[in-house]
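So in the working numbering, spot 171 of the sequence shown is number 632, and the numbers just go up one at a time.
Cβ atoms here follow ideal geometry from the backbone N, Cα and C, with glycine treated the same way.
These numbers come from a predicted model, not from an experiment.
Read the structure below first, then the notes.
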Amino acid sequence: MENKGFTNEELISTLQSLKDEGISGFNQSTVKASVFNKINKSEVKPVLMSFNKYINVFKPVLASLVVLFLGYGGLKMASSISPLSPLYVVREKTDKFVLTILPENKKIEKKFDIANEKLAAIKQSENNPEKLNQISESVKKDLGEIANDIKNIKDPKKIIALSETLEAQTENLQKETNLNIAVTTNSTLPSDIKETIKQTTEDILAVVYGAQDKSTNCSQYVQDRITSLTENPDLTFFNPDKYMEVLGLLKEAKNKLENGDCLGALADLDIVDSYKLNIVIQPVEETIE
462 MENKGFTNEE
472 LISTLQSLKD
482 EGISGFNQST
492 VKASVFNKIN
502 KSEVKPVLMS
512 FNKYINVFKP
522 VLASLVVLFL
532 GYGGLKMASS
542 ISPLSPLYVV
552 REKTDKFVLT
562 ILPENKKIEK
572 KFDIANEKLA
582 AIKQSENNPE
592 KLNQISESVK
602 KDLGEIANDI
612 KNIKDPKKII
622 ALSETLEAQT
632 ENLQKETNLN
642 IAVTTNSTLP
652 SDIKETIKQT
662 TEDILAVVYG
672 AQDKSTNCSQ
682 YVQDRITSLT
692 ENPDLTFFNP
702 DKYMEVLGLL
712 KEAKNKLENG
722 DCLGALADLD
732 IVDSYKLNIV
742 IQPVEETIE
């Protein structure tokens, strides 16, 4: 299969060079790695990478147009509709649209706000089993999506930037599962909601603590990732459709390491590692005649 100027042999050479030259210069204070000359000369840059750099520039403009179209009063009115209201479907559609134009950090905050409102509404709907079940299922879905969104953020720098918000939000959620029974009335949450909150907060904090550990020990993580990519170059295969992206990511990792951005380089190498194909060679069984 032709790989548009980047053959498997060149890929192996690139990875071997990254291992030989990168690991030899490793220490805890300085992280440097060099990559094959072909990467230095390559002008390839995945379109998605370039697009992501500029998307946040257009989001505020788009948000302004939405406000201009709907009017501030209309958005505010929709955002005040309670989860207990029959008109909440209008609020859901508005929230869904607003989430598409918010930057990543504000989007996560908004999702937490929506979930917290539904949790508060559950405590007020105990005398309405149908409404209680409807909101309960909805908030469990919301909490699951929040946890998945955070787990899907692969760049440790982004997690660390969000860590203060995430820790505060999880702390608030955890309070809902540790109510003092002696001083509470009927305003409490069902046990299945509490279990969902417990799982959600554990998942989120695991991501936060993992990112903090990577920040503290970034040099070792990068070295381990390079070793993983280069330990057996003759059997290191990648998804052929990702070869050009692998090339771009290795170049990005090299540049980031040279500029002292260890966490950024680690994020790129993690993506490259995820494109490895798991090749298992089974021994041939000899038949005895």
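Check, Outcome
"Touch test, the segment 601-621 against the segment 540-554, Cβ-Cβ under 8 Å, three pairs minimum", "no"
"Nearest residue (CA-CA) to I575, options A608, G671, T649 and S540", "S540"
"Per-residue DSSP class, three states only, for K615", "coil"
"Cβ-Cβ distance between T661 and L580 below 8 Å", "no"
"Alpha-carbon spacing of T677 relative to G709, whole angstroms", "26 Å"
"Cα-Cα separation between Q635 and A608, rounded to whole angstroms", "14 Å"
"Pair within 8 Å by beta-carbon distance, I665 and L730", "no"
"With 16 other Cβ atoms within 10 Å as the buried cut-off, status of F558", "exposed"
"Buried/exposed call for V600, threshold 16 Cβ in 10 Å", "buried"
"CA-to-CA distance, Y682 to K675, given in whole angstroms", "7 Å"
"Neighbour-count burial assignment, P564, 16 or more Cβ in a 10 Å radius", "exposed"
"Per-residue burial, E719 [other beta carbons within 10 Å of its own, 16 or more giving buried]", "exposed"
"CB contact flag (C584, T649, <8 Å)", "Residue 584 is actually Lys in this sequence, not Cys. Closer than 8 Å, so yes."
"Where L727 falls, given that 16 or more other Cβ within 10 Å makes a residue buried", "buried"
"Beta-carbon proximity list for D734, same chain, < 8 Å, skipping 5 on both sides", "R686, S689 and L690"
"F558 - DSSP class collapsed to helix/strand/coil", "helix"
"Residue burial classification, V644 (beta-carbon count within 10 angstroms, cutoff 16)", "A caution first: V644 carries a pLDDT of 38, below 50, which makes its placement in the model too unreliable to give a value."
"Same chain, Cβ closer than 6 Å to K717, five either side skipped, listed in chain order", "G725 and A726"
"Beta-carbon spacing of K755, E628 below 8 Å", "In the structure as shown, the chain starts at 462 and stops at 750, and residue 755 therefore has no counterpart that could be examined."
"P617 classed as buried or exposed, judged by whether at least 16 other C-beta atoms fall within 10 angstroms", "buried"
"Residue nearest to E606 in terms of C-alpha spacing, selected from K571, S624, E591 and N594", "K571"
"Reference K602, options C723, Q673, I542 and D653, closest by Cα", "D653"
"Other residues of its chain near L593: CB distance less than 7 Å, five sequence neighbours each side excluded", "I583, S586 and E587"
"Straight-line Cα distance separating K659 from D722", "34 Å"
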